[in-house]
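Chains A and B, in that order, are what the protein sequence lines are. For the record, in the first sequence the residue sitting at position 160 is 160 according to UniProt numbering, with numbers rising by one throughout. For the record, in the second sequence the residue sitting at position 290 is 290 according to UniProt numbering, with numbers rising by one throughout. Only one structure is covered here, and it is reproduced in the block below.
Protein chains: 2
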Amino acid sequence: MSLSSIKNVLKAYHRSQQQKALTMSLCFCLLFSCNAISKQENTLPYVDKKTHHIPVFDTFNGKQIKNVNLGWESYGELNADKSNAILITHYFTGNSHAAGKYSSDDAAAGYWDSIIGPGKAIDTNRFFVLSMDSFANLSVHDPMVVTTGPASINPETGKPYGLSFPVITMRDMVNAQKSLLDSLGIDSLYAVAGPSMGSMQAIEWASAYPDKVPRLISVIGSSFSDAWTTAALEQWSIPIRLDPKWNNGDYYGKEGPKAGLTAALMFITQVALTPEYFNNTGKSLNHSPLELAPLQDIHASHKINQWLLERASSRSEKMDANSLLYLVRACQLFMAGQQSSWQDGLRNIKAKTLFLPATQDLLLMPYHAHDTHQQLKTLKKQSELSEIPGALGHLEGVIGIQKHAETIAEFLSN
Amino acid sequence: MSLSSIKNVLKAYHRSQQQKALTMSLCFCLLFSCNAISKQENTLPYVDKKTHHIPVFDTFNGKQIKNVNLGWESYGELNADKSNAILITHYFTGNSHAAGKYSSDDAAAGYWDSIIGPGKAIDTNRFFVLSMDSFANLSVHDPMVVTTGPASINPETGKPYGLSFPVITMRDMVNAQKSLLDSLGIDSLYAVAGPSMGSMQAIEWASAYPDKVPRLISVIGSSFSDAWTTAALEQWSIPIRLDPKWNNGDYYGKEGPKAGLTAALMFITQVALTPEYFNNTGKSLNHSPLELAPLQDIHASHKINQWLLERASSRSEKMDANSLLYLVRACQLFMAGQQSSWQDGLRNIKAKTLFLPATQDLLLMPYHAHDTHQQLKTLKKQSELSEIPGALGHLEGVIGIQKHAETIAEFLSN
Numbered sequence: 001m002s003l004s005s006i007k008n009v010l011k012a013y014h015r016s017q018q019q020k021a022l023t024m025s026l027c028f029c030l031l032f033s034c035n036a037i038s039k040q041e042n043t044l045p046y047v048d049k050k051t052h053h054i055p056v057f058d059t060f061n062g063k064q065i066k067n068v069n070l071g072w073e074s075y076g077e078l079n080a081d082k083s084n085a086i087l088i089t090h091y092f093t094g095n096s097h098a099a100g101k102y103s104s105d106d107a108a109a110g111y112w113d114s115i116i117g118p119g120k121a122i123d124t125n126r127f128f129v130l131s132m133d134s135f136a137n138l139s140v141h142d143p144m145v146v147t148t149g150p151a152s153i154n155p156e157t158g159k160p161y162g163l164s165f166p167v168i169t170m171r172d173m174v175n176a177q178k179s180l181l182d183s184l185g186i187d188s189l190y191a192v193a194g195p196s197m198g199s200m201q202a203i204e205w206a207s208a209y210p211d212k213v214p215r216l217i218s219v220i221g222s223s224f225s226d227a228w229t230t231a232a233l234e235q236w237s238i239p240i241r242l243d244p245k246w247n248n249g250d251y252y253g254k255e256g257p258k259a260g261l262t263a264a265l266m267f268i269t270q271v272a273l274t275p276e277y278f279n280n281t282g283k284s285l286n287h288s289p290l291e292l293a294p295l296q297d298i299h300a301s302h303k304i305n306q307w308l309l310e311r312a313s314s315r316s317e318k319m320d321a322n323s324l325l326y327l328v329r330a331c332q333l334f335m336a337g338q339q340s341s342w343q344d345g346l347r348n349i350k351a352k353t354l355f356l357p358a359t360q361d362l363l364l365m366p367y368h369a370h371d372t373h374q375q376l377k378t379l380k381k382q383s384e385l386s387e388i389p390g391a392l393g394h395l396e397g398v399i400g401i402q403k404h405a406e407t408i409a410e411f412l413s414n
Numbered sequence: 001m002s003l004s005s006i007k008n009v010l011k012a013y014h015r016s017q018q019q020k021a022l023t024m025s026l027c028f029c030l031l032f033s034c035n036a037i038s039k040q041e042n043t044l045p046y047v048d049k050k051t052h053h054i055p056v057f058d059t060f061n062g063k064q065i066k067n068v069n070l071g072w073e074s075y076g077e078l079n080a081d082k083s084n085a086i087l088i089t090h091y092f093t094g095n096s097h098a099a100g101k102y103s104s105d106d107a108a109a110g111y112w113d114s115i116i117g118p119g120k121a122i123d124t125n126r127f128f129v130l131s132m133d134s135f136a137n138l139s140v141h142d143p144m145v146v147t148t149g150p151a152s153i154n155p156e157t158g159k160p161y162g163l164s165f166p167v168i169t170m171r172d173m174v175n176a177q178k179s180l181l182d183s184l185g186i187d188s189l190y191a192v193a194g195p196s197m198g199s200m201q202a203i204e205w206a207s208a209y210p211d212k213v214p215r216l217i218s219v220i221g222s223s224f225s226d227a228w229t230t231a232a233l234e235q236w237s238i239p240i241r242l243d244p245k246w247n248n249g250d251y252y253g254k255e256g257p258k259a260g261l262t263a264a265l266m267f268i269t270q271v272a273l274t275p276e277y278f279n280n281t282g283k284s285l286n287h288s289p290l291e292l293a294p295l296q297d298i299h300a301s302h303k304i305n306q307w308l309l310e311r312a313s314s315r316s317e318k319m320d321a322n323s324l325l326y327l328v329r330a331c332q333l334f335m336a337g338q339q340s341s342w343q344d345g346l347r348n349i350k351a352k353t354l355f356l357p358a359t360q361d362l363l364l365m366p367y368h369a370h371d372t373h374q375q376l377k378t379l380k381k382q383s384e385l386s387e388i389p390g391a392l393g394h395l396e397g398v399i400g401i402q403k404h405a406e407t408i409a410e411f412l413s414n
């Protein structure tokens, strides 16, 4: 990949050289951690992970889950009248760890640490910020994650649920979060904010409980899963179901579908990034179409594929394949407010809304946010939208969020 | 998907309502065949499929393939001095059938029938147009396809090659075509033209044999496989390798990896189209995120996924999984002219060039063509570029090619 070619890629995306420089530093950040900011003065104190217990949870589709445990954490202090709570809802491969570190050993701080902390856009000197692990959280084997999902023991059988776990929806994630807020005596939020799948939950909050959500920040999100997105998400489930070790979801205590799960993570990683990012990575790997091994051997693979495979394989260690299927399904089932149309779902919303789609997003393309924003305007609701530029594509909503720190601070100021 | 949403999708893509109407008719065309034009006066006579035999073929990577048979067909007549030949090079899932019908029973004419025929952009009253099945052609089980690839019998063992078939490259496809031209006494082409993988072959022709190619038409193509494309292509191989019935490529005479191959075709279909196309399809299927079956059952799936699955499953009947792996690899190995850089490959080219990328292409995004065009201009070569608009994305280069019939006719006129 020559400089001239990179320039043309940039031109094709209408990106300036300035943005490219920023992007390169962000790529570095993505690869080697994002903890630079947390080492500054506005660092959060070490974060405690806690567990919220729900004895019996009624799901949206009419099932019951007993003995639910979901991890959560918070930053800042709840004020006396409990009016300063901001809920952060996490993305597909994420968990409650939105900011700060658990201990000095942590390589990186939480994913939105650049905008959550003392004096930051979501200012923990002013707000009580909290976040919760989802049902069927992907990172079941991360010791800091507490989740109830298909890998959990079904108290009625003493065995893991596997695919007998009920299908869950964004409403179920929202209701679990509401149960936590109720337990803390928080009747109304100051705001709800989240990226990607977290945006779906945030919109669901504002539509399902409009009186509890005066402010909504939807980052790289959508208000429903359209046909394109439903099919695109299915691509992540397919390799898991093809892996013979998946065994129709019954693999706990055995080897498990590591190859299928790794493939799913490879697909997720690519669609969440961009050609520009991959081609910069290719340059650093000295990518060439005519690499000798793949030219000579159909079993061999190009270096860029090896790079992607190794990264995904390493990430898969903490993750559970069945949980990925449940999260895909929850996203596919998303319809704002669980109404008969997304427009009806938006009608319920009372919050003022800030949309932050990523310009180069190939996963949830900016049309989702533009459509939703436009519909809210049509419904005479208060809505604003700014795009997040950059070659990280979808991941700009996670890694690049500080580009809109000021927009967010301003939005939350009143 | 409401009308207002579709409008916004369109807006996000900067497409006009006029283009939308055209797109809807193209979608219809894609679903139900593209033979409307072939029924008009400018229809080709029925086409003969022939076989070109190569006793021993030397591959680019230094191997030999014995007893090569590759199908080919032609339209129009070769003139006396054999100076009017235009070679059409086919796309990934295609074959030599670029135009016309084999018999009155054929549901559809060849894929570029709208621009190849008497009085059409590639005028068979003037030109001798020919096209050849690739090595490792995907549609091994199509009775009209003749190909040598991993599903062929290795004459040295009497058994199918499977993965012992040599890795092939675009240069090998070009050299097989050159062998056919040599056998017909055609020393030089009037032009070479092809879409997608066909564009790779066309560029390879112009770079490998610059004195034989005065005119080059590259449709929805690229001049090399960059890191992004190499990883994106790998997504099509992964489900085949995961399918236990693939059995490391040794499945001939057995059931075969139908599920993995079907998954690959689902991925190919989606990335070759666009959100706009899928969401229009979703509308016709009455897609809803909250469809009852997937809400209640983790084993069930949304209608849009069923639609995609059934279409891919049906297409897979004629196709061979190992061949798909070989074609993916050939594309991943593509570097113009097999030089150390694509810029060096382009330096060889003497042809004047026409690039026709598709504006909404998500598979080989327009930056590929823009980069290559720009580089040729930098090298002071004659190059022009026009984009193909439309919601079919990558497939506009196949289904929507007649939008640029006049551009092509003009380009070929001198």
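All C-beta atoms in this analysis are idealised placements derived from N, C-alpha and C, irrespective of residue type, glycine included.
Subject >> C-beta neighbour in chain B for arginine 347 of chain A, strict 8 Å >> reply: Translated into positions along the first sequence, residue 347 of chain A becomes position 347. Closer than 8 Å: no.
Original post:
What are the complete alpha helix (DSSP H) segments, minimum 4 residues, inside the stretch 357 to 393 of chain A?
Top reply: Whole alpha helix (DSSP H) segments, 4+ residues: 367 to 378.
**OP:** Report yes or no: is there a C-beta of chain A within less than 8 Å of the C-beta of glycine 260 of chain B?
**Re:** Within the second sequence, residue 260 of chain B is the residue found at index 260, counting from 1. Yes, its Cβ sits closer than 8 Å to a Cβ of chain A.
Subject >> Cβ-based contacts, 8 Å cut-off: residues of the stretch 296 to 330 of chain B near chain A >> reply: Gln296, Asp297, Ile298, His299, Ser301, His302, Ile304, Asn305, Leu308, Leu325, Tyr326 and Arg329
Original post:
isoleucine 217 of chain A to glycine 194 of chain A, Cα distance in whole Å?
Top reply: Within the first sequence, numbered from 1, the residue matching residue 217 of chain A stands at position 217. Within the first sequence, numbered from 1, the residue matching residue 194 of chain A stands at position 194. In a straight line, the C-alpha of isoleucine 217 of chain A is about 7 Å away from that of glycine 194 of chain A.
**OP:** Between the Cα of alanine 80 of chain A and those of A:Leu346, A:Glu291, A:Leu184 and A:Ala272, spot the shortest distance and give me the residue it belongs to.
**Re:** Against the first sequence, residue 80 of chain A aligns to sequence position 80. Residue A:Leu184 is the option with its Cα nearest to alanine 80 of chain A.
**OP:** Quick one: list the residues of chain B neighbouring leucine 181 of chain A, beta-carbon separation under 7 Å, in chain order.
**Re:** In the first sequence, counting from the first residue as 1, residue 181 of chain A sits at position 181. Those do not exist, as leucine 181 of chain A stays about 25 Å from chain B at its closest Cβ, beyond 7 Å.
Original post:
For the candidate residues A:Gln201, A:Gly117 and A:Asp250, whose alpha-carbon lies nearest to that of glycine 337 of chain A?
Top reply: Residue 337 of chain A sits at position 337 when you count from the first residue of the first sequence. Glycine 337 of chain A has its Cα closest to that of A:Gln201, out of A:Gln201, A:Gly117 and A:Asp250.
**OP:** Find the nearest neighbour of methionine 319 of chain A within the set A:Pro150, A:Thr169, A:Ser199 and A:Tyr111, judged by alpha-carbon distance.
**Re:** On the first sequence, position 319 is the one that residue 319 of chain A refers to. The option with the nearest alpha carbon to methionine 319 of chain A is A:Pro150.
Subject >> Sub-8 Å separation of serine 323 of chain B and alanine 98 of chain B beta-carbons >> reply: Locating residue 323 of chain B in the second sequence gives position 323, counting from the first residue. Locating residue 98 of chain B in the second sequence gives position 98, counting from the first residue. At a Cβ-Cβ threshold of 8 Å, serine 323 of chain B and alanine 98 of chain B do not count as neighbours.
**OP:** Identify the contact partners of glutamate 387 of chain A in chain B, using a Cβ-Cβ distance below 9 Å as the criterion.
**Re:** On the first sequence, residue 387 of chain A is found 387 positions in, with the first residue counted as 1. Scanning chain B for C-beta atoms nearer than 9 Å to the C-beta of glutamate 387 of chain A yields nothing, as the closest lies near 11 Å away.
Subject >> Spatially closest choice to isoleucine 54 of chain B from B:Gly62, B:Asn61, B:Lys66 and B:Leu379, by CA coordinates >> reply: Here residue 54 of chain B refers to the residue found at position 54 when the second sequence is read from its first residue. Ranking the options by Cα distance to isoleucine 54 of chain B, first place goes to B:Lys66.
**OP:** Pick helix, strand or coil for tryptophan 246 of chain A, following the three-state DSSP scheme.
**Re:** Taking the first residue of the first sequence as 1, we reach residue 246 of chain A at position 246. Reduced to three states, the DSSP call for tryptophan 246 of chain A is helix.
**OP:** Leaving aside the five residues before and after threonine 148 of chain B along the sequence, list all residues of the same chain whose C-beta is less than 7 Å from its C-beta, in chain order.
**Re:** Numbered from 1 along the second sequence, position 148 holds the residue referred to as residue 148 of chain B. Closer than 7 Å at the Cβ level, and outside the excluded window around threonine 148 of chain B, lie Ile65, Val68, Asn69, Leu70 and Phe135.
Original post:
Is there at least one Cβ from chain A nearer than 8 Å to serine 225 of chain B's Cβ?
Top reply: Sequence index remark: in the second sequence, residue 225 of chain B carries index 225 (1-based). Yes, serine 225 of chain B lies at the interface with chain A (some Cβ there is under 8 Å from its Cβ).
Subject >> Cross-chain neighbours of alanine 202 of chain A in chain B, by beta carbon under 8 Å >> reply: Stepping through the first sequence from its first residue, residue 202 of chain A is reached at position 202. In chain order: nothing, as chain B lies at least about 17 Å away.
Original post:
Quick one: what's got a C-beta closer than 6 Å to threonine 407 of chain A's C-beta in the same chain, skipping five residues either side?
Top reply: The residue given as residue 407 of chain A occupies position 407 in the first sequence. Contacts found: Ser386.
Subject >> Buried/exposed call for threonine 378 of chain B, threshold 16 Cβ in 10 Å >> reply: What you label residue 378 of chain B is simply residue 378 of the second sequence in a count that begins at 1. Under this definition threonine 378 of chain B is an exposed residue.
**OP:** Give the single residue among B:Lys49, B:Pro357, B:Ala231 and B:Gln375 whose Cα lies nearest to the Cα of tryptophan 307 of chain A.
**Re:** On the first sequence, residue 307 of chain A is found 307 positions in, with the first residue counted as 1. When only C-alpha atoms are compared, the closest one is B:Ala231.
Original post:
Three-state secondary structure (DSSP) at lysine 258 of chain B?
Top reply: Here the question's residue 258 of chain B lines up with position 258 in the second sequence. Of the three classes helix, strand and coil, the one that applies to lysine 258 of chain B here is helix, per DSSP.
Original post:
With C-beta atoms as the reference, is phenylalanine 92 of chain A less than 8 Å away from methionine 173 of chain A?
Top reply: On the first sequence, residue 92 of chain A is found 92 positions in, with the first residue counted as 1. On the first sequence, residue 173 of chain A is found 173 positions in, with the first residue counted as 1. Against a cut-off of 8 Å, the Cβ pair of methionine 173 of chain A and phenylalanine 92 of chain A comes out as no contact.
Original post:
Does the stretch 105 to 117 of chain B come within contact of the stretch 155 to 166 of chain B, defined as at least 3 CB pairs closer than 8 Å?
Top reply: no
Subject >> Cβ-based neighbour list, isoleucine 304 of chain B, same chain, cut-off 8 Å, excluding 5 preceding and 5 following >> reply: What you label residue 304 of chain B is simply residue 304 of the second sequence in a count that begins at 1. For isoleucine 304 of chain B, where only same-chain residues beyond five positions count, the Cβ hits under 8 Å are Phe278, Thr281, Gly282, Leu285 and His287.
Subject >> Under 7 Å by beta carbon: chain B residues contacting tryptophan 228 of chain A >> reply: In the first sequence, counting from the first residue as 1, residue 228 of chain A sits at position 228. What tryptophan 228 of chain A touches in chain B: Pro275, Phe278 and Asn279.
Subject >> Beta bridge counterpart(s) of lysine 66 of chain B as assigned by DSSP >> reply: Within the second sequence, the letter at position 66 stands for residue 66 of chain B. Looking at the DSSP assignment, lysine 66 of chain B forms a beta bridge with B:Val56.
Original post:
Out of A:Ser114, A:Val145 and A:Gly119, which has the shortest C-alpha to C-alpha gap to lysine 49 of chain A?
Top reply: Start at 1 with the first residue of the first sequence, and residue 49 of chain A comes out as number 49. Residue A:Val145 is the option with its Cα nearest to lysine 49 of chain A.
Subject >> Residues that glutamate 396 of chain A contacts on chain B, provided the C-beta gap is smaller than 8 Å >> reply: The count along the first sequence starts at 1 and reaches residue 396 of chain A at position 396. Residues of chain B passing the Cβ test: none, with the nearest at roughly 17 Å.
**OP:** Report the rounded CA-to-CA distance for serine 223 of chain B versus threonine 372 of chain B, giving the unit in angstroms.
**Re:** Against the second sequence, residue 223 of chain B aligns to sequence position 223. Against the second sequence, residue 372 of chain B aligns to sequence position 372. Their Cα atoms are separated by approximately 6 Å.
**OP:** Note down the Cα distance separating proline 389 of chain A from threonine 124 of chain B, rounded to an integer number of angstroms.
**Re:** Residue 389 of chain A sits at position 389 when you count from the first residue of the first sequence. Residue 124 of chain B sits at position 124 when you count from the first residue of the second sequence. Rounded to whole angstroms, proline 389 of chain A to threonine 124 of chain B spans 49 Å at the Cα level.
**OP:** Compare the C-beta of methionine 197 of chain A against all C-beta atoms of chain B and say whether one is closer than 8 Å.
**Re:** Taking the first residue of the first sequence as 1, we reach residue 197 of chain A at position 197. It does not: the Cβ of methionine 197 of chain A has no partner Cβ on chain B nearer than 8 Å.
**OP:** Residues of the stretch 119 to 131 of chain B with a CB closer than 7 Å to any CB of chain A: list them in chain order, please.
**Re:** none
Original post:
Using a Cβ-Cβ cut-off of 6 Å (strictly less than) and excluding sequence neighbours within five positions of valine 47 of chain B, which residues of its own chain qualify?
Top reply: The residue given as residue 47 of chain B occupies position 47 in the second sequence. Around valine 47 of chain B: Glu73, Gly100 and Tyr102.
Original post:
Going along the chain, which residues of its own chain have a beta-carbon closer than 7 Å to the beta-carbon of glutamate 291 of chain A, five neighbours each way excluded?
Top reply: As a first step, residue 291 of chain A is located in the first sequence; it is residue number 291 there, counting from the start. Apart from the 5 residues on each side of it in sequence, glutamate 291 of chain A sits with its Cβ closer than 7 Å to the Cβ of His302 and Lys303 in its chain, given in chain order.
Original post:
Is it true that the stretch 201 to 214 of chain B meets the stretch 161 to 177 of chain B, where meeting means three or more beta-carbon pairs spaced less than 8 Å apart?
Top reply: yes
Subject >> Residues near proline 214 of chain B by beta carbon distance below 6 Å, same chain, minus five either side >> reply: For the purposes of this step, residue 214 of chain B is taken as the residue at position 214 of the second sequence. For proline 214 of chain B, the CB contacts under 6 Å within the same chain, skipping 5 residues up- and downstream, are Ala351 in chain order.
Subject >> Endpoints, the alpha helix (DSSP H) within which proline 294 of chain A is located >> reply: Locating residue 294 of chain A in the first sequence gives position 294, counting from the first residue. Unbroken alpha helix (DSSP H) run through proline 294 of chain A: 292 to 296.
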